Ligand SMILES: NC(=O)c1ccc[n+]([C@@H]2O[C@H](COP(=O)([O-])OP(=O)(O)OC[C@H]3O[C@@H](n4cnc5c(N)ncnc54)[C@H](O)[C@@H]3O)[C@@H](O)[C@H]2O)c1
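In structure tokens:
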């Protein structure tokens, strides 16, 4: 069946009148906010997820993603605009479907495409003429055309003619109050002009600015450029922090002053390593694909090495700090402040805090943590393999630790109280303002000690 007249026009009309039925596969950090925006725009939207708890939560009108308000989900579900299911058969009734499933790396740093493949297998079963399929999961350039298209075309329908196919990268920044799914421009690259136009029409109903590009590969590469840019610049500033440490300079002061340049500089900040589901992972999708062409991408590998070594550097800092108090890591209690991978969110995926905790645990420390966003840390969630519960951030719990290591700077924490109560602090985020004799900062000169090597009065107080 090819060149059937009226196929794109039919979907075009349904999208313009918002009578198209929209679907989203994968209701996680990306998929749930997107489904909510489609429903809010007026489309009857169905979310599909393998996780029954997420599906039940949506159907009960509750949100499990901090950036999505439960009130919005409740209203859209009550209005009959939003529903969720574990059954893929609903795809037969949908006009559009967006794929928002995970794209992790295998241990070998090769892409794990199994989630995309399994979602596309389901779509292929129910693919029908006039359907629009959009891949959103971050992936290597070529995925949409080389992997998804042949799987969908195997049933006889032709992409760009009978059904429409596009890639549109997600740029959600969890915990960012200023930018959300609605007001972040959306890059769209379709397989042929009709796919781009139809996908732009779908997103245009829910998102303020659409940026069409010439192909799915271009859209895939846009996302990888953005995330590689971030990974490499964080790697650069982490290396600058290591140099400042050797040179006795304060990297935080250096970056702050450099950021006053009104052009040609963008500040990045050092820290205990790279975390999250995207920045430490996505560039390796590009690296993997480039290597297939015989090209050896050097920036990605180098930044990966520098960022990956940061947890070890932080543990060395903690060891040096304890040494000032004539203590060893072995036998000391270290309270890790912040286990989420970045501030003000509850996501622990790839969090460098977990690596720091595991290294400290291996060296014999008693590891505790405090994170207002992460009430419990299951044994299977970190290499230490012990069930942990967050400490309450009181002067007593802070004073009880031999060392407090600030690894994630959640804004709700009272850092002045932490400074006053702690015996010793290793601050990897510059969360504590000023210079204090018992606060050792990443990438900054250590405060002075007395000639016999002991801490000053103020420092041990
Ligand atoms: N989280 C972010 O900040 C972010 C930002 C930009 C891009 N991305 C990308 O978006 C994609 C999704 O990320 P996420 O953070 O939303 O992941 P997530 O783990 O929060 O959500 C993925 C969901 O997909 C479901 N799922 C897995 N396989 C499925 C299948 N075959 N059928 C149906 N449901 C399935 C899971 O149960 C889960 O609910 C990834 O490629 C990621 O790299 C994420």
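Residue numbers (the working numbering): -10 to 450. Virtual Cβ for every residue (Gly too), placed ideally from N, Cα, C. Every value quoted in this text rests on a predicted model; they were computed, and no experiment measured them.
The segment 198 to 249 is shown to contain whole beta strand (DSSP E) runs of 3 or more residues at 199 to 202, in chain order.
It is roughly 17 Å from the alpha-carbon of residue 378 to the alpha-carbon of residue 334.
Cβ-Cβ separation between residue 28 and residue 95: approximately 35 Å, too far for a contact (criterion under 8 Å). When C-beta atoms of the segment 334 to 354 are compared with those of the segment 363 to 379, three or more pairs fall below 8 Å, so the two segments count as touching.
Taking C-beta atoms under 8 Å as the contact rule, residue 92 and residue 34 fail to qualify, at a distance of about 23 Å. Relative to ligand 1, residue 16 has its C-beta within less than 6 Å of a heavy atom. The residues 157, 158, 200, 202, 208 and 211, in chain order, have a CB closer than 7 Å to that of residue 176 in the same chain once the five nearest residues on each side in sequence are set aside.
With fewer than 16 other beta carbons inside 10 angstroms of its own, residue 251 counts as exposed.
With contacts defined as CB atoms closer than 7 Å, residue 310 and residue 415 qualify as a contacting pair.
The Cβ neighbour count for residue 271, taken over all protein chains shown within 10 Å, is at least 16; the residue is labelled buried. According to the DSSP secondary-structure assignment, residue 416 is paired through a beta bridge with 395 and 430. Residue environment for residue 411: buried (at least 16 other C-beta atoms within 10 angstroms of its C-beta). Sequence-distant Cβ neighbours of residue 52 in its own chain, meaning closer than 6 Å and more than five residues away, are 59 and 62. Rounded to whole angstroms, residue 130 and residue 173 show a C-alpha spacing of 22 Å.
Taking the Cβ atoms as the reference, residue 112 lies roughly 6 Å from residue 80, within the contact range of under 8 Å.
One Cα belongs to residue 193, the other to residue 170, and the distance between them is close to 12 Å.
Non-local beta-carbon contacts of residue 116 in its own chain, meaning distances under 7 Å to residues more than five positions away in sequence, involve 141, 144, 146 and 152 in chain order. Under the three-state reduction of DSSP, residue 9 is assigned to coil, being neither helix nor strand. Using a 10 angstroms sphere on the CB of residue 23, the tally of other CB atoms reaches 16 or more, which defines it as buried. In the structure shown, residue 374 falls within a coil segment according to DSSP collapsed to helix, strand and coil. Looking only at 108, 149 and 216, the smallest Cα-Cα distance to residue 160 is reached by 216.
The alpha-carbon separation between residue 433 and residue 187 amounts to approximately 53 Å. Checking the 6 Å criterion, the Cβ of residue 75 is out of range of every heavy atom belonging to ligand 1. From the listed residues 132, 299, 148 and 381, the smallest Cα separation to residue 363 is found for 381.
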